[in-house]
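Structure first, commentary second.
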Amino acid sequence: MLTAHGVTHPGRVRKTNEDRYDADSALGVFVVADGMGGHNAGEVAAALAVETIMAFMRRTHEGDDVTWPYGIDRNLTFHANRLITAVRLANRRVFRTAESRDDLSGMGTTVVAGLVDGAECVYVSVGDSRIYSIIDGTITQLTTDDSWVATLQSAGALAPGERHPMRHVLTNVIGAREQVEVEVGERTLRDGERLLFCTDGLHGEISDEQAAALLSSHPDAEAAAEALVAAVLEQRARDNVTALVVRYRA
0 MLTAHGVTHP
10 GRVRKTNEDR
20 YDADSALGVF
30 VVADGMGGHN
40 AGEVAAALAV
50 ETIMAFMRRT
60 HEGDDVTWPY
70 GIDRNLTFHA
80 NRLITAVRLA
90 NRRVFRTAES
100 RDDLSGMGTT
110 VVAGLVDGAE
120 CVYVSVGDSR
130 IYSIIDGTIT
140 QLTTDDSWVA
150 TLQSAGALAP
160 GERHPMRHVL
170 TNVIGAREQV
180 EVEVGERTLR
190 DGERLLFCTD
200 GLHGEISDEQ
210 AAALLSSHPD
220 AEAAAEALVA
230 AVLEQRARDN
240 VTALVVRYRA
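Laid out in structure tokens, this is it:
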């Protein structure tokens with residue numbers, strides 16, 4: 000059984016909210032996106048990405064006759080192929096829309112998405128939005144940021160937590176080019192495990208330990224998501240913030 004709740008807020012500085020999310024517990028599909036681009040283009044990119052991913056996942060779930068333009072990776076499960084294809088279709092749509100309209104040129108978005116079928120979970124990531132797993136108060140980051148900082152840290156050139164002038168520069172986003180690299184992972188969920196899908200407006204303002212403490216003290220998905228965003232708003236909240244909490248019960 001899945002319960003989910005999402006909360007999004009523009010923050011205390013931005014006038015518009017370029018974050019988008021969608022959650023379908025019956026389908027087991029969850030998506031969060033953080034758009035970027037001038038003149039509200041970021042919110043267009045995020046909305047297009049979320050809409051495209053959800054539409055493809057619904058069509059393939061219902062057994063509709065759907066074209067798979069990117070083929071099948073036989074090393075991955077069917078559900079992993081579904082989710083990756085959905086993200087690639089989202090990338091194509093955002094990229095082509097940006098190419099066709101001067102007012103949307105250069106727009107892009109991050110995406111994290113998950114599909115839960117029974118206890119099996121597939122998740123994907125592009126950009127620096129994140130998915131966390133929380134089990135018995137222990138929080139684990141499942142995704143890897145597509146950023147200069149993450150690249151330097153993995154190479155041992157930058158210590159965790161160390162500041163860097165290019166810390167906000169992303170190396171991979173939806174819509175930046177015609178093809179996109181998609182990180183994919185799979186895991187078997189444990190009873191009571193929770194998943195947190197969030198934008199950098201959340202994980203950039205509160206620590207993983209703070210997030211874990213809030214999730215531990217708010218076992219309900221709705222209360223947890225509300226508490227996480229409230230905690231960010233108590234800080235500077237310079238960016239849009241989105242938290243989507245999913246709880247799995249066997």
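Each residue of the sequence shown is one higher than the last, beginning at 0 in numbering that gives the first Met the number 0.
Where a beta carbon is used, it is the ideal one built from N, C-alpha and C, also for glycine.
Predicted model only: the values in this text are computed from it and were never measured.
query: Cβ-Cβ separation, N239 to R13 (assumed contact under 8 Å), whole Å; result: 6 Å
query: N- and C-terminal bounds of the beta strand (DSSP E) containing R95; result: Segment 77–99 is the alpha helix (DSSP H) holding R95; no beta strand (DSSP E) there.
query: DSSP state of S124 mapped onto helix, strand, coil; result: strand
query: Minimum C-alpha distance to N171 - residue among S124, E185, Q140; result: S124
query: Beta-carbon proximity check, L194 vs V245, cutoff 7 Å; result: yes
query: Option in F94, A211, G184, R248 with minimal Cα separation from A44; result: F94
query: T108 to P9 span [Cα, whole Å]; result: 16 Å
query: Exposed unless 16 or more other CB atoms sit within 10 angstroms - verdict on A54; result: exposed
query: Per-residue DSSP class, three states only, for E233; result: coil
query: Within 7 Å, strictly: CB atoms of A22 and G5; result: yes
query: Nearest neighbour of A112, chosen from D102, D101, D127 [CA to CA]; result: D127
query: Alpha-carbon spacing of R100 relative to R189, whole angstroms; result: 46 Å
query: N-terminal and C-terminal residue of the beta strand (DSSP E) that D238 is part of; result: Looking at the DSSP string, D238 is not in any beta strand (DSSP E), and its letter there is neither H nor E.
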